[in-house]
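Input: a single structure, listed below in C-alpha cells.
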Amino acid sequence: MIIIYGKDPFVIMTEKAKTLKVHAGEIAFPGGKWCAKDKDLLETAIRETKEELCLEVSKEQIVGQLDSVITLNSKYKITPFIAILENIPSLKVNSEVESILHIPLVSFLKTMAEDDLPEHRSIKEMHTFTFEKYNVWGASARMLKQINVLLSEKNLL
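In UniProt numbering, the protein residues as written are 1 to 157.
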C-alpha cells in the first residue's frame, strides 16, 4: 500500500525487520501476501497495512492502483494501491517491521537515479531513490518511478 498524507505530501515506507527470511532490512511499502480470506488484492493491501502499521485504511481513501511489479529475487507479484490520507495517527510496528519512514514525497522523487550497483547491472532500467541513509531500489523503486511519471505528467512535481 502506498500511503501518501499531508498538505506537503509525505509517503510512508517501512524498513523490513532484519529477522525476515526474505527482503530482510529492505525499504518497502507496507503489504504482503494474499490469503484465502481476502476477497481481492485491495482487501489484502488493507489487511496487511493494518497488521504491519496498526493503520486502518478505508476503501474510500484508495485513489488508484499502479501497474503490478515483480520483485527481483523472490519473484513476488506486487499490485500496489495508493491511499491518500489527510493525516496519520501514531503508528505501531509489528514483528515484520524494523522502523517506519515518513518521507517528503516531492523531494524524495527528485532523488531518482540510475542504479549502478554491480549486482543489478544485468537488469535494464533499474533506479534508486535516496532518503537519509536509506536507498530504495527494486520493486519499490519501480513503483516510485510510476508515481514520478504520473505526477510529472500532471505537472505536480
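Just so you know, even glycine gets a beta-carbon here, dropped at the ideal spot from N, CA and C. Computed from a prediction, not measured in an experiment: that's the story for all the values here.
- Item | Test item: CB-CB of residue 15 and residue 72 under 8 angstroms | no
- Ordered along the chain, which non-local residues of its own chain (more than five positions away) have a Cβ less than 8 angstroms from that of residue 99? 14, 15, 93
- Where residue 19 falls, given that 16 or more other Cβ within 10 Å makes a residue buried: Result: exposed.
- Boundaries (first-last residue) of the beta strand (DSSP E) holding residue 148: No beta strand (DSSP E) holds residue 148; the alpha helix (DSSP H) holding it covers 138-153.
- Query: Going straight from the alpha carbon of residue 140 to that of residue 26, what length do you get?
  - Reply: Approximately 10 angstroms between the Cα atoms of the pair.
- Message: Alpha carbons only, please: which of 35, 54, 43, 155 is nearest the one belonging to residue 88?
- Response: 54
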